[in-house]
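Presented below is the structure to which this report refers.
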Amino acid sequence: MTHSWLDSPVHHAWLTTEALRLLDFAKASRLSEGFGNLDDEGRLPRCAIAETLTTARMTHSFALAHIQGVPGCLGLVEHGVAALQEPMRDADFGGWFSHPQGQRGSDKAAYLHAFVALAASSAVVAGVSHAQALLEDAIEVIEQRFWSEEEGALGETFARDWQQPEAYRGANSNMHGVEAFLALADVTGNTLWLDRAQRIVDRLILSQSATDGLRITEHFDRHWQALPDYNRDNPADGFRPYGTTPGHAFEWARLLLHLEAAREQAGLPVAKGLASAAKGLFDSACRHAWQVDGAPGLVYTLDWRNRPVVRERLHWVHAEACATAAALLRRTGEAQYERWYRCFWDFIGEHFIDRAHGSWHHELDPANQPSARIWGGKPDLYHAYQALLLPRLPLAPSLATALAL
209 MTHSWLDSPV
219 HHAWLTTEAL
229 RLLDFAKASR
239 LSEGFGNLDD
249 EGRLPRCAIA
259 ETLTTARMTH
269 SFALAHIQGV
279 PGCLGLVEHG
289 VAALQEPMRD
299 ADFGGWFSHP
309 QGQRGSDKAA
319 YLHAFVALAA
329 SSAVVAGVSH
339 AQALLEDAIE
349 VIEQRFWSEE
359 EGALGETFAR
369 DWQQPEAYRG
379 ANSNMHGVEA
389 FLALADVTGN
399 TLWLDRAQRI
409 VDRLILSQSA
419 TDGLRITEHF
429 DRHWQALPDY
439 NRDNPADGFR
449 PYGTTPGHAF
459 EWARLLLHLE
469 AAREQAGLPV
479 AKGLASAAKG
489 LFDSACRHAW
499 QVDGAPGLVY
509 TLDWRNRPVV
519 RERLHWVHAE
529 ACATAAALLR
539 RTGEAQYERW
549 YRCFWDFIGE
559 HFIDRAHGSW
569 HHELDPANQP
579 SARIWGGKPD
589 LYHAYQALLL
599 PRLPLAPSLA
609 TALAL
């Protein structure tokens with residue numbers, strides 16, 4: 209296979225067209241205090257309130273669009289930055305609520321704060337007013353409250369006043385910590401963030417995957433002892449599902465390649481095994497999650513014997529699979545990744561892209577029909593939009609910085 213879609217002008221044009229279509233759909237998510245979650249037809253429910261996670265992801269995504277020169281996005285980035293600085297920020301104790309003024313709980317979660325940092329860093333690259341202050345605030349909170357130098361990882365969740373730390377450590381929040389840290393390294397010029405990203409990878413991937421069959425252990429207690437039965441009674445949880453999550457294997461694999469490239473670019477020592485771990489994670493996820501129940505598509509979760517648990521197909525899993533196949537193809541040149549890249553886009557084009565109502569279906573049932581067991585509506589732009597950008601970019605620097613070059 210000598211011709212790659214990664215080099216095809218027609219494929220690039222398709223990616224651009226689809227990205228613009230997603231952006232147009234997502235603009236309707238704007239609320240007075242940030243951004244909310246859209247329903248299947250791109251409308252805000254009557255009772256919609258802004259969510260900090262959605263606001264951070266939309267701010268990041270619209271910043272990427274503005275950097276590329278997409279008209280009409282700057283005001284949306286400014287709106288997101290303002291929301292993150294005011295109604296969503298805890299003015300008394302610092303950090304960010306999950307909803308404005310802590311309307312639905314006041315806990316502070318590492319997962320959320322990683323996305324605030326990512327949004328701030330992208331807004332800085334986009335040249336948005338007040339984004340630098342937001343970035344500095346996010347960095348201070350991460351360094352003072354979440355980062356553990358002793359553990360080489362992020363703590364998970366705290367009460368509003370930063371007391372009562374949760375007796376849990378999670379791979380998901382730390383994975384998005386790595387993503388944010390790669391961006392922070394580029395925006396600040398401080399390679400300490402690359403060292404912190406490497407420490408997270410050392411703990412969660414390079415040490416774990418070697419002993420666990422190239423799959424991601426997601427849940428741990430406060431002492432980093434694995435919790436294999438975590439959420440066995442709630443296997444379809446949207447953020448902490450039981451078992452293993454192939455979509456996270458794809459995300460981790462891509463981040464390993466970004467980290468390898470970023471450290472090489474910065475002239476830092478590169479840990480052995482990053483690329484081989486990325487290949488192993490990707491290959492294992494494809495082998496155990498793709499078309500395992502007779503129909504095409506990647507299942508959401510597997511048990512510890514690699515049997516499907518939650519068979520729904522989620523859009524973000526397939527978006528990450530596409531982006532990672534492209535990254536591995538760029539890193540290795542191996543034809544198998546070209547085949548997977550085309551396979552995943554063909555599946556997305558046939559089953560996920562909603563040409564009637566816009567955006568992508570966020571979830572399909574085992575028969576590949578739209579469903580809402582785990583995710584209802586179409587709240588997410590971030591995963592699909594990044595999957596449409598990453599195949600056209602180098603592995604380093606990080607996304608916003610690469611687009612600005």
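So the sequence shown is numbered by my numbering: it starts at 209 and just counts up by one. Backbone N, C-alpha and C fix where the C-beta goes; we use that ideal spot for every residue, glycine too.
My understanding is that residue i touches residue j, with C-beta atoms under 8 Å, so please give their C-beta distance in whole angstroms.
{"i": "T263", "j": "G242", "result": "4 Å"}
{"i": "V395", "j": "S329", "result": "4 Å"}
{"i": "A493", "j": "A457", "result": "4 Å"}
{"i": "C530", "j": "W553", "result": "6 Å"}
{"i": "H523", "j": "L510", "result": "The Cβ separation is near 18 Å, so there is no contact."}
{"i": "L239", "j": "A258", "result": "5 Å"}
{"i": "I567", "j": "L230", "result": "First, the residue type needs correcting, since residue 567 is Ser and not Ile in the sequence shown. About 6 Å separates the two Cβ atoms, so the contact holds."}
{"i": "I556", "j": "H591", "result": "About 11 Å; that fails the 8 Å criterion."}
{"i": "D619", "j": "G585", "result": "Past the edges of the chain, shown from 209 to 613, lies residue 619, and the structure says nothing about it."}
{"i": "M266", "j": "L589", "result": "6 Å"}
Considering only their Cβ atoms, is the gap separating residue j from residue i smaller than 8 Å?
{"i": "K316", "j": "W370", "result": "yes"}
{"i": "L326", "j": "E249", "result": "no"}
{"i": "G385", "j": "E364", "result": "no"}
{"i": "Y438", "j": "H431", "result": "no"}
{"i": "H268", "j": "L390", "result": "no"}
{"i": "G288", "j": "F301", "result": "no"}
{"i": "L272", "j": "R600", "result": "no"}
{"i": "A564", "j": "V333", "result": "no"}
{"i": "A234", "j": "N245", "result": "no"}
{"i": "A535", "j": "R423", "result": "no"}
{"i": "V409", "j": "L464", "result": "yes"}
{"i": "R407", "j": "G360", "result": "yes"}
What does DSSP give as the partner residues of residue i in its beta bridges?
{"i": "G283", "result": "Answer is none; G283 lacks a bridge partner."}
{"i": "I561", "result": "W568"}
{"i": "G242", "result": "L239"}
{"i": "G378", "result": "H427"}
{"i": "T452", "result": "L510"}
{"i": "W498", "result": "L506"}
Using a Cβ-Cβ cutoff of less than 7 Å, which residues in the same chain neighbour residue i once the five nearest sequence positions on both sides are dropped?
{"i": "A227", "result": "Y593, L596, L597"}
{"i": "W548", "result": "C494, A533"}
{"i": "F305", "result": "T260, M296, D298, S314"}
{"i": "G481", "result": "L414"}
{"i": "L476", "result": "T399, L402"}
{"i": "Q309", "result": "P295"}
{"i": "G303", "result": "K316, H321, V349, R353"}
{"i": "T419", "result": "For T419, the predicted structure reports a pLDDT of 49, less than 50, and the residue's modelled location is therefore unreliable. A value from the coordinates is still provided. Closer than 7 Å at the Cβ level, and outside the excluded window around T419, lies no residue."}
{"i": "R440", "result": "Y450"}
{"i": "A405", "result": "V386, F389, L390, L467"}
{"i": "A436", "result": "Checking the sequence, you will find Pro at residue 436 rather than Ala. W512, listed in sequence order."}
Among the candidates the options, whose CA atom is the shortest distance from the CA of residue i?
{"i": "A347", "options": "A379, F560, P308, N398", "result": "In the sequence as displayed, the identity of residue 347 is Ile instead of Ala. Answer by Cα proximity: N398."}
{"i": "D445", "options": "A580, V285, P308", "result": "A580"}
{"i": "A339", "options": "E351, L292, I561, M383", "result": "L292"}
{"i": "C551", "options": "P504, K586, H565", "result": "P504"}
{"i": "G455", "options": "R411, L422, E528, P449", "result": "E528"}
{"i": "S237", "options": "T210, P587, N380", "result": "P587"}
{"i": "W460", "options": "F490, D429, E472, A479", "result": "F490"}
{"i": "T540", "options": "Q577, A486, G585", "result": "A486"}
{"i": "R312", "options": "R368, L362, G335", "result": "R368"}
{"i": "D232", "options": "A221, L284, I275", "result": "L284"}
{"i": "N380", "options": "A318, A610, R513", "result": "A318"}
{"i": "R411", "options": "L392, P436, M383", "result": "M383"}
{"i": "V518", "options": "G488, N442, H559", "result": "N442"}
{"i": "A619", "options": "G488, T453, A331", "result": "In the structure as shown, the chain starts at 209 and stops at 613, and residue 619 therefore has no counterpart that could be examined."}
Taking 8 Å as the limit between beta carbons, can you name the residues of its chain near residue i, skipping five residues before and five after?
{"i": "L537", "result": "S212, L214, Y545, E546, Y549"}
{"i": "E520", "result": "A444, V507, Y508, E571, L572, D573, P574, S579, R581, I582"}
{"i": "H307", "result": "I257, A258, E259, T260, M296, G313"}
{"i": "N576", "result": "A503, P504, G505, R521, H559"}
For residue i, which residues from the same chain have a beta carbon less than 6 Å from its beta carbon, with the 5 sequence-adjacent residues on both sides left out?
{"i": "P425", "result": "The displayed chain sequence assigns Thr, not Pro, to residue 425. Contacts found: Q416, A434."}
{"i": "A469", "result": "L603, A604"}
{"i": "E542", "result": "none"}
{"i": "I561", "result": "W568"}
{"i": "E374", "result": "E364, T365"}
{"i": "Y376", "result": "E364"}
Do we get a CB-CB distance below 8 Å when we pair residue i with the residues of chain B?
{"i": "T210", "result": "Reference to chain B is not applicable here, since this structure consists of a single protein chain."}
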